[in-house]
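J.: Numbering (this note's numbering), first residue to last: 244 to 372. Cβ coordinates follow ideal geometry from the N, Cα and C atoms, glycine included. Below you'll find the structure I mean.
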Amino acid sequence: LNANYIRARLKGTFHLPYDAPSLHEVVFSDKNQTSQDVHTLDIAKRLMDYGFHPPTIYFPLIVSGALMIEPTESEPKEELDAFCDAMLAIARECQERPELVRSAPHTTPVRRLDEARAARQPILRWRPA
């Protein structure tokens, strides 16, 4: 039910590659945002500025620029609305201030990581500052 609610609220703003009722997840793509050179990773990073954990991105592999949202059924409507409002605000930012979205996150202690380097040269132990 919650995935279908999110699907209905965000449909049209975010590209819905498969327009069928959702079971427990909904998959959008970044197709509507790429004209502004904003991609799935940018949207996921920007969600952190709104206080949301980023959803699964680039999966499933059959959807280019996939953004998979899996709300739990126990999530209250107020939280779903807050999430949808954040996603709609990000969509507006993609049109009006794409550089803001491309450079996100802005409110986290660590900004954008070099994710390729982190994958190739992981630091697997904590060091005190």
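1. Can you grab the Cα-Cα spacing for the pair Asp-262 / Val-270, in whole Å?
2. Flag this pair as yes or no: are the beta carbons of Ile-286 and Val-344 separated by less than 8 Å?
3. Once you ignore the five residues that flank Ala-334 on each side, which residues in its own chain have a CB closer than 6 Å to its CB?
4. Taking just the CA atoms, how far does Thr-350 sit from Met-377?
5. Rounding to the nearest angstrom, what Cα-Cα distance links Ala-276 and Trp-369 in this structure?
T.: Let me lay it out:
1. Position 19 of the sequence shown, counted from the start, is the residue given in the question as residue 262. Position 27 of the sequence shown, counted from the start, is the residue given in the question as residue 270. Those two C-alpha atoms are separated by around 10 Å.
2. Taking the sequence shown and counting its residues from 1, one reaches residue 286 at position 43. Taking the sequence shown and counting its residues from 1, one reaches residue 344 at position 101. Taking 8 Å as the Cβ cut-off, Ile-286 and Val-344 qualify as a contacting pair.
3. Within the sequence shown, numbered from 1, the residue matching residue 334 stands at position 91. Cβ neighbours of Ala-334 beyond the five flanking positions: Thr-256.
4. The structure shown does not extend to residue 377, since the chain spans only 244 to 372, so no value can be given for it.
5. As a position in the sequence shown, residue 276 is number 33, starting the count at 1. As a position in the sequence shown, residue 369 is number 126, starting the count at 1. Correcting the residue type first, residue 276 is Gln in the shown sequence and not Ala. Taking the straight line from one Cα to the other gives about 37 Å.
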